[in-house]
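Trainee:
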Amino acid sequence: MNQWLYWILFALVLGLMRITLNVHILKNPVFIILLFVFEVLASLLIGYWIYKSYFLNDLKEIFITKGMLHDYITRGKRMFKTDVIVVTVLFLFLYSFDFIIFLGTFWLIWYLLSFVLLVLIFHMLCGFTRERYKLYKQN
425 MNQWLYWILF ALVLGLMRIT LNVHILKNPV FIILLFVFEV LASLLIGYWI YKSYFLNDLK
485 EIFITKGMLH DYITRGKRMF KTDVIVVTVL FLFLYSFDFI IFLGTFWLIW YLLSFVLLVL
545 IFHMLCGFTR ERYKLYKQN
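Per the numbering used here, the sequence shown starts with residue 425, numbered consecutively.
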């Protein structure tokens, strides 16, 4: 990336963060519930779109032997466990902590951070299909 573009974008992000630092959201409970529903739906759609755009476009047909298939299943099972742990930690700790801080302060920056974390969570959850779980449970 060009250094000029990097510094311009860096300055814009700093300016955006400075603007959102003093923005507070209304404390109306109905508004907070609607904001939460919007956050979940938007992050679900964005996470699914990111997953489809990155992973489902590059599918290629491969021909593998039974030994290679068993090796892929073994490695995939370890990766699946790691992914489940990461999503669980990300959801239970980071997202919950961030959203609780948002509910305590009503700062827009905490809401935006919780939105980004939720997008990442839904992006990772797209890879957890029922068929994948059954395959790893069988072997």
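Every residue gets a Cβ at the ideal spot worked out from N, C-alpha and C, and that includes glycine.
Would you tell me roughly how many angstroms separate the C-alpha atoms of G500 and I432, rounded to the nearest one?
Mentor: Within the sequence shown, numbered from 1, the residue matching residue 500 stands at position 76. Within the sequence shown, numbered from 1, the residue matching residue 432 stands at position 8. Taking the straight line joining both Cα atoms gives about 41 Å.
Trainee: Can at least three beta-carbon pairs, one atom from the region 500-520 and one from the region 459-476, be found at a separation below 8 Å?
Mentor: no
Trainee: Are the beta-carbon atoms belonging to I545 and V511 less than 8 Å from one another?
Mentor: Looking up residue 545 in the sequence shown gives position 121. Looking up residue 511 in the sequence shown gives position 87. The answer is yes: Cβ separation under 8 Å.
Trainee: For V464, which residues in the same chain have their Cβ closer than 8 Å to its Cβ, ignoring the five residues on either side in sequence?
Mentor: For the purposes of this step, residue 464 is identified with residue 40 of the sequence shown, where counting begins at 1. The answer, listed in chain order, is L542.
Trainee: Roughly how many whole angstroms lie between the Cα atoms of I488 and D495?
Mentor: The count along the sequence shown starts at 1 and reaches residue 488 at position 64. The count along the sequence shown starts at 1 and reaches residue 495 at position 71. I488 and D495: Cα-Cα distance of roughly 11 Å.
Trainee: Span of the alpha helix (DSSP H) holding T489?
Mentor: Here residue 489 corresponds to residue number 65 of the sequence shown, with the count starting at 1. No residue range can be given for T489, since it is assigned to no alpha helix (DSSP H) and is classified by DSSP as neither H nor E.
Trainee: At the level of alpha carbons, what is the spacing between L483 and N452?
Mentor: Within the sequence shown, numbered from 1, the residue matching residue 483 stands at position 59. Within the sequence shown, numbered from 1, the residue matching residue 452 stands at position 28. Cα to Cα, the separation comes out at about 47 Å.
Trainee: Taking the C-alpha atoms as reference points, what is the distance between Y535 and Q562?
Mentor: Taking the first residue of the sequence shown as position 1, residue 535 is located at position 111. Taking the first residue of the sequence shown as position 1, residue 562 is located at position 138. Using only the alpha carbons, I get a separation of about 41 Å.
Trainee: Looking at C-alpha atoms only, which residue of Y557, W531 and F521 is the closest neighbour of M441?
Mentor: Taking the sequence shown and counting its residues from 1, the one referred to as residue 441 is at position 17. Selected option, being the one with the closest Cα: W531.
Trainee: Name, in chain order, the residues that DSSP records as bridge partners for H396.
Mentor: Nothing in the structure corresponds to residue 396, since the chain is present only between 425 and 563.
Trainee: Please confirm whether I443 and H547 have their CB atoms less than 8 Å apart.
Mentor: Here residue 443 refers to the residue found at position 19 when the sequence shown is read from its first residue. Here residue 547 refers to the residue found at position 123 when the sequence shown is read from its first residue. A distance of 8 Å or more separates the beta carbons of I443 and H547.
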